[in-house]
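I have placed the structure first, in the form of structure tokens, so that the comments after it can refer back to it.
Numbering (the working numbering), first residue to last: 603 to 1052.
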């Protein structure tokens, strides 16, 4: 088994990783999640505020509004107050597909402010097909999107200022949400996601870059707005009302449910419990700042990967074991540091393939070198054991290579010694005793001469 064969086999097996990436997916996802925790985005100046229907709001308003979900007219009062604060836009992350008696009040409140309302898509045949919004804000372009047969659209709330945004989110196989779809396809028409309704960027999905464990955006409890609305009706524009209005003025306002009973909580790389509305705000800010995670083009990733592998392989086959171990450590830590640095500037560079390739090359080379050494040692033993003493044989074995047939040029001193009657002595003396006498003789003579 020679180095050439090893090279061919190694690159063949390594190449299979590109054809069968599923084996590395779990490893890479764990590394990706670690990157998100190590390098969360810094949320600097932003124009987003979340009006949160949280557990506190639901509990404090339960006596007056009842249990969640509230009547549409009550949500309409909250929307009307938000509209009076003159926000830039109101994005409603509450799914309201079925007609309700309070729809007209809510619809009139929504007319007072530019807004986006949540929609959803389903494959379940039990859901009634809703076509009231087909063609109005859908984009007609073809890509490989999953086609949903049923759209849950807020038909009774739509007016001339309405945009529709899908709230349908997809978690990976391990249950963690890392990507945000930009469009949803239903009945051969394309609808933007909730946050992308504002931007209408073309593309299938983005990889989100999270800002932390949650609660990173400005929050305003919904009950404070509801109470402020009541105070406004009874006492007018007092200081407390004006303070809340200033917080909403000119802002991108997301209205959503963060209560545990709202069933809108997801697992993301930075937190096991993350509000769905904050996923949409994260996507919004990522799209606004272009701070979402970008993948390198596959051909570029392939070129960089094989360049690193080739350099590592050349060093590996031309160095001794100690240097091989050192180079392995340098390459493993170096490529990991390189990948984490790229992530800090919003570029994803997967490393599981490269690191596994380095380990595979190192241990394969180690096994082959060990097999080759054993083979050469056995060959030396078989060749010289009948002609040289054990000490000379051990010396040859320690060289880890066969002596060259042409000999070796050295400067040496030779001791010639003529022993009287040696022929007669050698004929009468057993070989083992004769060798012992000679060794004793030369042991005494060598120090005297040299």
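Glycine included, each C-beta is placed from N, C-alpha and C at the ideal position.
All figures in this text were calculated on a predicted structure; none of them were measured in a lab.
Check: Does DSSP put residue 870 in a helix, a strand or coil?
Finding: In this structure, residue 870 counts as strand in the three-state DSSP scheme.
Item checked: Whole-angstrom distance between residue 864 and residue 825, CA atom to CA atom -> One C-alpha to the other measures close to 16 angstroms.
Margin query: Please report the straight-line C-alpha distance between residue 910 and residue 877, rounded to a whole angstrom.
Written below: The C-alpha of residue 877 is placed about 41 angstroms away from the C-alpha of residue 910.
Notebook entry, point to check: For residue 791, does the three-state DSSP call read helix, strand or coil?
Noted result: Per DSSP, reduced to three states, the secondary structure at residue 791 is strand.
Next item on the list: Identify, in the order they occur along the chain, each residue of the same chain with its Cβ nearer than 6 angstroms to the Cβ of residue 635, setting aside the five sequence neighbours on each side.
Entry: For residue 635, where only same-chain residues beyond five positions count, the Cβ hits under 6 angstroms are 871.
Checklist line | Opposing strand residues paired with residue 695 [DSSP bridges] | finding: Paired residue(s): 858.
Check: Which word fits residue 791, buried or exposed, when buried means at least 16 other C-beta atoms lie within 10 angstroms of its C-beta?
Finding: Buried is the call here.
Next item on the list: Would you mind sorting residue 698 into buried or exposed? The rule is 16 or more other CB atoms within 10 Å of its CB.
Entry: Within a 10 Å sphere around the beta-carbon of residue 698 sit 16 or more other beta-carbons, which makes this residue buried.
Checklist line | In chain order, each beta strand (DSSP E) run of at least 3 residues that lies wholly inside the region 758-832 | finding: Listed in chain order, the complete beta strand (DSSP E) runs (minimum 3 residues) inside the region 758-832 are 764-768, 781-783, 785-788, 791-794, 807-809, 820-823.
Next item on the list: Just the C-alpha distance for residue 974 and residue 938, rounded to the nearest angstrom, thanks.
Entry: Residue 974 and residue 938 have their alpha carbons spaced roughly 32 angstroms apart.
Item checked: Rounded C-alpha distance that separates residue 831 from residue 710 -> Their backbone Cα atoms lie some 16 angstroms apart in a straight line.
Checklist line | Per-residue DSSP class, three states only, for residue 946 | finding: DSSP places residue 946 in helix when its eight states are reduced to three.
Next item on the list: Would you kindly report the start and end of the unbroken alpha helix (DSSP H) that includes residue 654?
Entry: Where residue 654 is concerned, there is no enclosing alpha helix (DSSP H), although the beta strand (DSSP E) it sits in stretches over 650-655.
Next item on the list: Assign residue 943 to buried or exposed, taking buried as 16 or more other Cβ atoms, counted over all protein chains shown, within 10 Å of its Cβ.
Entry: With fewer than 16 other Cβ atoms within 10 Å, it is exposed.
Check: Going straight from the alpha carbon of residue 856 to that of residue 667, what length do you get?
Finding: One C-alpha to the other measures close to 21 angstroms.
Checklist line | Run of the alpha helix (DSSP H) containing residue 1053, from where it starts to where it stops | finding: Outside the modelled stretch of the chain, which goes from 603 to 1052, sits residue 1053, for which no answer is possible.
Next item on the list: Count the other CB atoms, across all protein chains shown, that sit within 10 Å of the CB of residue 1035; report buried if there are 16 or more and exposed otherwise.
Entry: The residue in question, residue 1035, is exposed, as its Cβ has fewer than 16 Cβ neighbours within 10 Å.
Check: Does the beta-carbon of residue 734 have 16 or more other beta-carbons within 10 angstroms, so that it is buried, or is it exposed?
Finding: Caution is warranted here: a pLDDT of 38 is assigned to residue 734, below 50, making its placement in the model unreliable, and the coordinate value is therefore given only provisionally. Under the 10 Å beta carbon count, residue 734 is surrounded by fewer than 16 other beta carbons and is classified as exposed.
Checklist line | Cβ-based neighbour list, residue 957, same chain, cut-off 8 angstroms, excluding 5 preceding and 5 following | finding: So the qualifying residues of the chain are 934, 937, 938.
Notebook entry, point to check: Enumerated in chain order, which unbroken segments of the beta strand (DSSP E) with a length of 3 residues or greater are wholly contained in the region 669-719?
Noted result: Within the region 669-719, the complete beta strand (DSSP E) runs of at least 3 residues are 691-695.
Notebook entry, point to check: So residue 626 packs on residue 955, CB below 8 angstroms; how close in whole Å?
Noted result: Indeed they touch by this definition, with Cβ atoms about 6 angstroms apart.
Checklist line | Sufficient close CB pairs (3 or more, under 8 angstroms) joining the region 780-788 to the region 843-858 | finding: With a cut-off of 8 angstroms, the region 843-858 and the region 780-788 do not count as touching, because too few Cβ pairs lie within range.
Next item on the list: Using DSSP bridges, identify the partner residues of residue 754.
Entry: Paired residues: 722.
Margin query: So, for residue 659: in the same chain, excluding its five sequence neighbours on each side, which residues have a beta-carbon less than 6 angstroms away from its beta-carbon?
Written below: Excluding residues up to 5 positions away in sequence, 823, 824, 825 lie with their Cβ nearer than 6 angstroms to the Cβ of residue 659 in the same chain.
Next item on the list: Give the DSSP bridge partners of residue 853, in chain order.
Entry: Answer is none; residue 853 lacks a bridge partner.
Check: If you draw a straight line from the alpha carbon of residue 740 to that of residue 797, how long is it in whole angstroms?
Finding: Summary for residue 740: the model assigns pLDDT 47, below 50, so the residue's position carries little reliability; its value from the coordinates is reported in the next sentence. In a straight line, the C-alpha of residue 740 is about 15 angstroms away from that of residue 797.
Note to self: For residue 691 and residue 778, I'd like the C-alpha separation in whole angstroms.
What the structure shows: Within the model, the alpha-carbon separation for residue 691 versus residue 778 is close to 30 angstroms.
Notebook entry, point to check: Which partner residues does residue 897 have in the DSSP bridge list?
Noted result: Under DSSP, the beta-bridge partners assigned to residue 897 are 950.
Note to self: Within 10 Å of its beta-carbon, does residue 728 have 16 or more other beta-carbons around it, so buried, or fewer, so exposed?
What the structure shows: For residue 728, the predicted model reports a pLDDT of 38, less than 50, meaning its position is unreliable; a value from the coordinates is still stated below. Classification of residue 728: exposed, given that the 10 Å Cβ count is below 16.
Margin query: I'd like to check one pair, residue 803 with residue 923: are the Cβ atoms closer than 8 angstroms?
Written below: Going by C-beta atoms, residue 923 is not nearer than 8 angstroms to residue 803.
Note to self: Using the three-state DSSP reduction, which class does residue 642 fall into: helix, strand or coil?
What the structure shows: Residue 642 carries a coil assignment under DSSP once its states are collapsed to helix, strand and coil.
Check: Mapping DSSP to helix, strand and coil, what is residue 916?
Finding: DSSP places residue 916 in the helix class (H, G or I) of the three-state scheme.
Note to self: Quick check: what's the CA-CA separation for residue 787 versus residue 793?
What the structure shows: Distance between the alpha carbons of residue 787 and residue 793: 6 angstroms.
Next item on the list: State the CB to CB distance for the pair residue 649 and residue 853, rounded to an integer number of angstroms; the pair is presumed to be in contact (CB under 8 angstroms).
Entry: The beta-carbon distance between residue 649 and residue 853, rounded to whole angstroms, is 6 angstroms. This is short enough to meet the 8 angstroms contact definition.
Margin query: Three Cβ pairs or more, each shorter than 8 angstroms: is that satisfied between the region 675-691 and the region 704-718?
Written below: Yes, they touch.
Item checked: Assigned secondary structure, residue 875 (DSSP; H/G/I helix, E/B strand, else coil) -> Three-state result, residue 875: strand.
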